[in-house]
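Everything on this sheet refers to the single structure shown next.
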Amino acid sequence: MKQKVFITRLIPQAGIDILKEHFEVTVFPEKRPIKKRELKKLAKGCDGLIPLLTDRVDAEIMDKTGIKAISNYAVGVDNIDIEAATARKIPVMNTPGVLTNATADLTFSLILGTARRLVEADNFLRTGKWNGWDPLLLLGGDVTGKTLGIVGLGRIGKAVAERAKGFGMEVIYNSTTKFNDDERLLGIQFASLSELLKKSDFVTLHTPYTEATHHLIGRKELELMKPSAYLINTARGQIINEEELIEGLKEGLIAGAGLDVYYAEPNFNKELAKLSNVILLPHIGSASLETRTNMAIIAAENLKNVLFGNRPSHIINPEIYD
Ligand code: DGY
Numbered sequence: 007m008k009q010k011v012f013i014t015r016l017i018p019q020a021g022i023d024i025l026k027e028h029f030e031v032t033v034f035p036e037k038r039p040i041k042k043r044e045l046k047k048l049a050k051g052c053d054g055l056i057p058l059l060t061d062r063v064d065a066e067i068m069d070k071t072g073i074k075a076i077s078n079y080a081v082g083v084d085n086i087d088i089e090a091a092t093a094r095k096i097p098v099m100n101t102p103g104v105l106t107n108a109t110a111d112l113t114f115s116l117i118l119g120t121a122r123r124l125v126e127a128d129n130f131l132r133t134g135k136w137n138g139w140d141p142l143l144l145l146g147g148d149v150t151g152k153t154l155g156i157v158g159l160g161r162i163g164k165a166v167a168e169r170a171k172g173f174g175m176e177v178i179y180n181s182t183t184k185f186n187d188d189e190r191l192l193g194i195q196f197a198s199l200s201e202l203l204k205k206s207d208f209v210t211l212h213t214p215y216t217e218a219t220h221h222l223i224g225r226k227e228l229e230l231m232k233p234s235a236y237l238i239n240t241a242r243g244q245i246i247n248e249e250e251l252i253e254g255l256k257e258g259l260i261a262g263a264g265l266d267v268y269y270a271e272p273n274f275n276k277e278l279a280k281l282s283n284v285i286l287l288p289h290i291g292s293a294s295l296e297t298r299t300n301m302a303i304i305a306a307e308n309l310k311n312v313l314f315g316n317r318p319s320h321i322i323n324p325e326i327y328d
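For the sequence shown, the residue numbers in this note's numbering are 7 to 328.
Shown next, in the form of structure tokens:
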């Protein structure tokens with residue numbers, strides 16, 4: 007009898023095809039996040055699960071469904087209770103690497119977009135306000151020569167640093183590890199978080215979301231930033247205290263923000279949408295066709311390996327094999 011796999015949303019076909027060759031595959035058919043009670047019911051009796059970052063997979067889901075492996079369709083795994091999975095010897099896997107460039111590109115789009123007021127300019131034109139070229143119209147700021155502060159120098163943080171160097175920016179970073187080789191290779195410098203916040207013209211967040219990074223940026227940190235600086239977040243919404251960011255933006259503590267992620271997605275504080283100095287995107291960091299396809303392939307291969315009894319390459323809790 008074939009093992010069963012449940013996927014909580016339609017993902018690119020390349021991943022589904024890999025799984026269908028070996029397993030009985032069910033895909034949640036709705037175009038919305040699956041509800042907890044639906045997940046408990048529909049994944050019951052399945053061997054493998056591919057959830058999205060929007061699906062909380064906790065101990066109750068694990069116990070009620072009896073799943074034996076979880077292959078997240080994301081690099082971030084903050085939607086999964088890793089401790090509970092490890093205690094049950096359930097391997098948890100993710101999709102690192104393949105989304106680095108897409109996410110770094112989107113981050114850089116937000117840096118350029120906030121600096122040069124792209125969304126505001128687009129709205130200006132669409133709403134019929136343009137009456138001709140104007141030397142003082144919609145002036146933004148250069149990025150060349152400015153300082154970019156990268157918080158979290160993992161794969162994506164490094165890819166953002168490479169892009170920034172190409173644009174002639176100074177790059178400083180803060181991370182739990184000091185990366186001497188990358189400092190030399192990329193021409194970047196380590197800074198404490200407060201030093202980074204004080205010096206940067208753009209601050210971009212690339213840490214995973216954990217207890218330690220919950221509300222890493224709030225009023226106190228915004229007060230350290232330059233009033234001309236921008237805050238960019240393509241990591242996880244909970245890293246920022248969203249209420250305090252809104253207050254800070256209204257009070258002019260910083261010049262603006264570029265956000266792709268929010269505290270309680272898909273909900274976001276509607277006050278943000280009233281601010282013209284903020285660009286708001288619906289969590290599309292990895293949303294290129296190539297990247298989402300590669301994520302589907304990796305998630306499927308991860309799950310296939312585990313269900314075939316092999317050790318997968320992208321395992322979050324390798325200790326279960328000790
Ligand atoms: C991830 O994989 O964690 C990203 O947030 C998806 O865009």
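Cβ atoms here follow ideal geometry from the backbone N, Cα and C, with glycine treated the same way.
Item: Rounding to the nearest angstrom, what Cα-Cα distance links A110 and F173 in this structure?; Value: 14 angstroms
Item: Hey, out of K26, P102, L16 and F12, whose CA is closest to I304's CA?; Value: P102
Item: Relative to the C-alpha of V125, which residue among R94, T219, L265 and D84 is closest?; Value: L265
Item: What's the gap between the Cα of T14 and the Cα of K50?; Value: 13 angstroms
Item: Within 8 angstroms, do at least three Cβ pairs link the stretch 226-233 to the stretch 198-212?; Value: yes
Item: Based on DSSP bridge pairs, tell me the residues matched to T219.; Value: None, per the DSSP bridge assignment.
Item: Drop a sphere of 10 angstroms on the beta-carbon of T183, count the other beta-carbons inside from all chains shown, and report buried for 16 or more, exposed for fewer.; Value: exposed
Item: Taking DSSP as the reference, what is the three-state secondary structure of S115?; Value: helix
Item: Near F29, what residues of its chain come up, given a Cβ to Cβ distance below 6 angstroms and the 5 sequence neighbours on each side ignored?; Value: K8, Q9 and V11
Item: When burial is assigned at 16 or more other CB atoms within 10 Å of the CB, is E248 buried or exposed?; Value: buried
Item: In whole angstroms, give me the CA-to-CA distance for L59 and A306.; Value: 16 angstroms
Item: With hydrogens ignored, establish whether the beta-carbon of L286 is closer than 7 angstroms to any heavy atom of the ligand DGY.; Value: no
Item: Under a three-way DSSP split, which group does F274 fall into?; Value: coil
Item: Ignore the nearest five residues each way along the sequence and tell me which others in L222's own chain have a CB closer than 6 angstroms to its CB.; Value: I245
Item: Three Cβ pairs or more, each shorter than 8 angstroms: is that satisfied between the stretch 315-324 and the stretch 19-28?; Value: no
Item: Can you grab the Cα-Cα spacing for the pair G308 / V98, in whole Å?; Value: For the record, residue 308 in the displayed sequence is Asn; it is not Gly. Cα-Cα distance, rounded: 9 angstroms.
Item: Checking the sheet assignment: what are the DSSP bridge partners for M99?; Value: S77 and I321
Item: Since T32 sits in a beta bridge, which residues does DSSP pair it with?; Value: F12
Item: By the DSSP assignment, the alpha helix (DSSP H) with E307 in it spans what residues?; Value: L295 to L313
Item: Is L25 close to chain C? Criterion is C-beta to C-beta, closer than 8 angstroms.; Value: Chain labels in this structure do not include chain C; a single protein chain is all it has.
Item: Measure how close the beta-carbons of I162 and I178 come, nearest whole angstrom, since I'm counting them as under 8 angstroms.; Value: The pair is not a contact, with the Cβ atoms about 16 angstroms apart (cut-off 8 angstroms).
Item: Going by DSSP, what residues sit across from A263 in a beta bridge?; Value: L237 and V284
Item: Whose CB is closer than 5 angstroms to a heavy atom of the ligand DGY? List the residues in chain order.; Value: A80, V81, G82, G291 and S292
Item: Measuring straight from C-alpha to C-alpha, what distance separates L55 and D328?; Value: 23 angstroms
Item: Considering only their Cβ atoms, is the gap separating R169 from G330 smaller than 8 angstroms?; Value: Since the first and last residues shown for the chain are 7 and 328, residue 330 lies out of range.
Item: My output table needs one value for E27: the three-state DSSP class, helix, strand or coil.; Value: coil
Item: At a cut-off of 7 angstroms, would you count A261 as near the ligand ZN, judging by its Cβ distance to the nearest heavy atom?; Value: This structure lacks the ligand ZN; the ligands present are the ligand DGY.
Item: Roughly how many whole angstroms lie between the Cα atoms of L154 and V31?; Value: 45 angstroms
Item: What span of residues does the alpha helix (DSSP H) with I71 cover, start to end?; Value: According to the sequence as given, residue 71 is Thr; it is not Ile. Element bounds for T71: A65 to T71.
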